[in-house]
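Student: The structure under discussion is supplied below as structure tokens; questions concerning it will follow.
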Amino acid sequence: MFSPNVSKTKTEYGRVENTLADMMPNPRHFEGLTYPSDDVRKDLKLLDDFKHTPEYKRTGERSDAKLLEKTFTDMVERGDWFGEYDSFGDDPDHLALVTFPTTEVDDVFNHIDVIGMISNETTNHETLPFAIDLTYNTDNDKMSQKFKWKHVYGKKNTAPDEASEFGESFVSKDYFGNDIIMTKVLPLKFRYGLKIPGFASAKYFEDKNSPWDPMCKKGRIDMMPRFVVGYSTDIADVLACGMPTEEYKKKYGEVSYRKKESTYIYAEMCAKWCTLFECSEQASGIRYMLENMGPEEVKWMQEDELEKAKKQIVAMSSYFDRAIQLATEKAQSNSVEMAAMKYADRDVVRQAINYHSNDTFRYRN
0 MFSPNVSKTK TEYGRVENTL ADMMPNPRHF EGLTYPSDDV RKDLKLLDDF
50 KHTPEYKRTG ERSDAKLLEK TFTDMVERGD WFGEYDSFGD DPDHLALVTF
100 PTTEVDDVFN HIDVIGMISN ETTNHETLPF AIDLTYNTDN DKMSQKFKWK
150 HVYGKKNTAP DEASEFGESF VSKDYFGNDI IMTKVLPLKF RYGLKIPGFA
200 SAKYFEDKNS PWDPMCKKGR IDMMPRFVVG YSTDIADVLA CGMPTEEYKK
250 KYGEVSYRKK ESTYIYAEMC AKWCTLFECS EQASGIRYML ENMGPEEVKW
300 MQEDELEKAK KQIVAMSSYF DRAIQLATEK AQSNSVEMAA MKYADRDVVR
350 QAINYHSNDT FRYRN
């Protein structure tokens, strides 16, 4: 269906990474006032060590993920994917969805690419953050791992003093006897949090859009719902190329321009529907998990944290269900929108996400 014939160059990757770098907070700017300088230093050292481990590979896939992140943040706000204008446009206290890219530290160790924030009647006009982990990977083990990450934050006083809250590095030997750097996560017993999947934290949040009136204060977001979002590479490739420009029209003509334009619009609709379904299904699944945990599962949890998690996921579930209802009503009179909605049911990445969501939150495997 999609045949973008995309040739993604290093220049394109570099442009996207530079753009994201400008939007991302800098952990160095958290030293002193937000966190002790030594705390930030430990995190950055662990990140640097991790980049020298065998499991870290700077491949095309990693760059493709950056393209996916940039197109997602552009489209989800500009395209009003969650139907906020129709749902809350008449509410003078409604604050529209805003997205924020995360630091590399939070990306690597907290497993989140984007933070979204909403404030509307479903949240009782309180600012509610949520995290997005973007993917187009269908590998069973990798997808399973994405859903198994547990909610943790900070470091207890009993933890090794020299360790970052995210873990430690050590020297090991490879198959040939050469020294190699490895990293290991800090054991759960040394960390705070619910220690269940479906939620995440961010250590280095900063609202660079509005630092004088931030949606959330600079520093740690200790808890927020986390959703795995993705769609197939053929859609991601089309979106990465962007909407054709007037220069493209002059060079290739009106017919080619219109064809490329319609392909892009359809791909964006498909991505929107995959996102809507994935977020709604996961919010429902996480809510089900929380409502069906037994006494043994919750006895070590902080009661206030558990209640906060329940409140957050009820609001997010209502928000996404409302968005799907509005989008479905609109699709009834738009054949292209309806086709995109039906495509989302077939998308291989969306199917993989749905499978692992059910496996994690409903079947509790």
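Residue 106 in numbering that gives the first Met the number 0 sits at position 107 of the sequence shown; the count goes up by one each step and never skips.
For each residue, glycine too, the CB sits at the ideal point set by N, CA and C.
Taking only three categories from DSSP, how would you classify G415?
Tutor: Nothing in the structure corresponds to residue 415, since the chain is present only between 0 and 364.
Student: According to the Cβ coordinates, are T101 and I111 closer than 7 Å?
Tutor: Against a cut-off of 7 Å, the Cβ pair of I111 and T101 comes out as a contact.
Student: Extract the residue ranges of the beta strand (DSSP E) inside the region 191-277, only unbroken runs of 3 or more that lie entirely within it.
Tutor: Listed in chain order, they are 198-204 and 218-229.
Student: Taking 6 Å as the line, does the beta carbon of A201 fall inside it for any heavy atom of the ligand GTP?
Tutor: As presented, the structure is devoid of all ligands, the ligand GTP included, so that no description of it is given.
Student: Using 8 Å as the Cβ pair cut-off and three pairs as the minimum, do the region 192-199 and the region 208-224 touch?
Tutor: As far as the Cβ criterion goes, the region 192-199 touches the region 208-224, which means the pair count is three or higher.
Student: Leaving out five residues on either side along the sequence, give the residues of the same chain with a beta carbon under 7 Å from the beta carbon of M300.
Tutor: Here the set comprises L193.
Student: Might you give, ordered along the chain, the residues of its own chain that have their beta carbon closer than 8 Å to the beta carbon of R361, omitting 5 neighbours on each side?
Tutor: The residues are G284, Y287 and M288.
Student: Using the beta-carbon count (16 or more within 10 Å), is M142 buried or exposed?
Tutor: The residue in question, M142, is buried, as its Cβ has 16 or more Cβ neighbours within 10 Å.
Student: Taking 8 Å as the cut-off, does the region 227-239 touch the region 343-354 (at least 3 CB pairs, one atom from each stretch)?
Tutor: Contact holds: three or more Cβ-Cβ distances are below 8 Å.
Student: Classify P26 as buried or exposed, calling it buried when 16 or more other Cβ atoms lie within 10 Å of its own Cβ.
Tutor: Classification for P26: buried.
Student: Do you know offhand how far W211's Cα is from D90's?
Tutor: Cα to Cα, the separation comes out at about 24 Å.
Student: Specify the secondary structure class of S332 as computed by DSSP and reduced to three states.
Tutor: Of the three classes helix, strand and coil, the one that applies to S332 here is coil, per DSSP.
Student: Bridge partners for E290 per DSSP, in chain order?
Tutor: None, per the DSSP bridge assignment.
Student: Going by DSSP, what residues sit across from M116 in a beta bridge?
Tutor: Its beta-bridge partners are V97 and P128.
Student: What did DSSP end up calling F165 once you bin it into helix, strand or coil?
Tutor: Of the three classes helix, strand and coil, the one that applies to F165 here is coil, per DSSP.
Student: Under DSSP, the alpha helix (DSSP H) around K41 begins and ends at which residues?
Tutor: Per DSSP, K41 belongs to the alpha helix (DSSP H) from S36 to F49.
Student: Between the Cα of P53 and the Cα atoms of S36, I180, G218 and F99, which residue gives the shortest distance?
Tutor: Minimum Cα distance to P53 is reached at I180.
Student: Could you check how far apart the C-beta atoms of F87 and E125 are, in whole angstroms? I think they sit under 8 Å.
Tutor: 14 Å between Cβ atoms; not a contact.
Student: Give me the Cβ distance between K217 and T33, rounded to the nearest whole Å; I'm assuming they're in contact under 8 Å.
Tutor: 6 Å between Cβ atoms; contact.
Student: Hey, could you find the ends of the beta strand (DSSP E) M142 is sitting in?
Tutor: Premise fails: M142 lies in the alpha helix (DSSP H), N139 to K147, not in any beta strand (DSSP E).
Student: In angstroms, rounded to a whole number, what distance separates the CA positions of F175 and S36?
Tutor: So the alpha carbons of these two residues sit roughly 38 Å apart.
Student: Do I323 and S356 have their C-beta atoms closer together than 7 Å?
Tutor: No; because the gap between Cβ atoms is not below 7 Å, this pair is not in contact.
Student: Taking the alpha carbon of L46 as the reference point, which residue from E30, C240, P128 and E167 has its own alpha carbon closest?
Tutor: Answer by Cα proximity: E167.
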